[in-house]
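Here is the structure we will look at, set down as structure tokens.
Residue numbers (this note's numbering), protein chains in the order written: chain A, 67 to 240; chain B, 367 to 564.
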């Protein structure tokens, strides 16, 4: 037979449906026999009525919340609480948000601009390339020695021309 | 919720988690849609600022996505994400210095509050008023009591689920609930003495 001392600590668990039938059956019997514990049960029930309103009835989730969160997650956004706790005002995520129609337009415009840039770059490159397939930087059949010799001849000719010019200028001055 | 329905929900969650990990953003969106209302409702018990609520729930889902590969399916997805939400909301309140009991010693070490009888809310009280009063009283409770009470009374979590979510024993859950309810009664009557006269 259960007594009040054993009964009272179990009242909350009884109402929370956390007791096994083995524990609940003698408790129910005790409530029938004991007015004082019945009052304790009633008081505990009264308390629970303060929490009895439907919690999620009037919850308003902003439109497009799930889609926005999924997009942010896949874009690598890690949230604000961990890394940079409160440097950003609470309103900033929404302030930065763009209307879906505008966002789609911007995405398409960016993609089109990227394609145009690619085509233009390819065209620019093609106009600067030599038209011939023969892209050798050296004259065909010439060895390094022959090339150096030719360079020396060109330098010597250049030097002679400069000397002649200098003599001519000197004669004019005189 | 029946066991069959619960298992079906778990399987659906598991599929969505797997598809998300494989890069399917629609699957993650579906996961968010499944739990957004419950998390908005849960976070609302801690703050009344609607923008802050949205930020906290969003952060919760972003953290969940980042850690999704660590979800091992031992608990339900909701229990797992609920734990992230609880940590996020308490972290926010702590860092913003909004909790009135931050500087107080561990409430579990304080002397037990003598429980006092509190009547049921009167029948003619409006549902919205009832909700406002209850929320106001809850904001005056220490975090550990408020959290436990919210989990039990609003989210109807079992003692085992609360213990798993908070990483504490069932005995501690029982003890916290007992003290939380006693404090709730005490605070209710101190804020609204008129309810003691009914």
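We put the beta carbon where it would ideally sit given N, CA and C, even for glycine.
Owing to the predicted nature of the structure, the values given are computational and were not obtained by experimental measurement.
Where residue 453 of chain B is concerned, the enclosing alpha helix (DSSP H) starts and stops at 443-461.
The beta carbon of residue 418 of chain B is closer than 6 Å to none in its chain, skipping five residues each way along the sequence.
By a beta-carbon distance limit of 8 Å, residue 550 of chain B does not contact residue 496 of chain B. Their separation comes to about 14 Å.
Counting along the chain, residue 510 of chain B sits inside the alpha helix (DSSP H) bounded by residues 509-519. Contact between the stretch 449-458 of chain B and the stretch 422-438 of chain B is present, with at least three C-beta pairs closer than 8 Å. Ranked by how close their Cα comes to the Cα of residue 436 of chain B, the residues B/459, B/511, B/386, B/545 have B/386 in first place. The C-beta of residue 551 of chain B comes closer than 8 Å to at least one C-beta of chain A. Close CB contacts of residue 220 of chain A within its chain, under the 8 Å cut and outside five residues either way in sequence, are absent. For residue 545 of chain B, the enclosing alpha helix (DSSP H) starts and ends at 536-557. Ranked by how close their Cα comes to the Cα of residue 548 of chain B, the residues B/517, B/507, B/530 have B/507 in first place.
The criterion of a C-beta distance shorter than 8 Å is satisfied by residue 448 of chain B and residue 531 of chain B. Sorting B/512, B/503, B/411 by C-alpha distance to the C-alpha of residue 556 of chain B places B/503 at the top. Residue 439 of chain B sits away from residue 520 of chain B, with the two beta carbons spaced by 8 Å or more.
In terms of Cβ geometry, residue 542 of chain B and residue 511 of chain B form a close pair [threshold 8 Å].
Think of a sphere of 8 Å around the beta carbon of residue 508 of chain B: no beta carbon from chain A falls inside it, the nearest being about 18 Å out.
Beyond the five residues adjoining it in sequence on each side, residue 458 of chain B comes within less than 7 Å, by CB distance, of 422 in the same chain, given in chain order. Between the alpha carbons of residue 180 of chain A and residue 186 of chain A lies a distance of about 10 Å. Distance between residue 445 of chain B and residue 90 of chain A, taken at the CA atoms: about 27 Å. Taking 8 Å as the cut-off, the Cβ atoms of residue 85 of chain A and residue 93 of chain A count as close. CA-to-CA, the gap between residue 173 of chain A and residue 182 of chain A works out to about 14 Å. With 16 or more other CB atoms across the displayed protein chains lying within 10 angstroms of its CB, residue 404 of chain B is buried. DSSP places residue 85 of chain A outside both helix and strand once states are collapsed to three, so it counts as coil. The Cβ of residue 139 of chain A sits closer than 8 Å to at least one Cβ of chain B.
By the rule that beta-carbons nearer than 8 Å mark a contact, residue 377 of chain B does not touch chain A. Below the 9 Å Cβ cutoff, chain A contributes 82, 83, 84 as neighbours of residue 524 of chain B, in chain order. Around the beta-carbon of residue 487 of chain B, 16 or more other beta-carbon atoms lie within 10 Å, marking it buried.
Beyond the five residues adjoining it in sequence on each side, residue 523 of chain B comes within less than 6 Å, by CB distance, of 517 in the same chain, given in chain order. The beta carbon of residue 102 of chain A lies closer than 8 Å to those of 70 in the same chain, with the five residues before and after it left out.
Distance from the CA of residue 215 of chain A to the CA of residue 227 of chain A, rounded to the nearest whole angstrom, comes to 18 Å. DSSP places residue 124 of chain A outside both helix and strand once states are collapsed to three, so it counts as coil.
Under the 8 Å criterion on CB atoms, residue 136 of chain A is classed as interfacial with respect to chain B. The Cβ atoms of residue 420 of chain B and residue 128 of chain A sit closer than 8 Å to each other.
The beta carbon of residue 442 of chain B does not come within 8 Å of any beta carbon belonging to chain A, so the residue lies off that interface. A residue is called buried when at least 16 other Cβ atoms come within 10 angstroms of its Cβ; residue 528 of chain B meets this threshold and is buried. At a cut-off of 8 Å between beta carbons, residue 398 of chain B contacts chain A.
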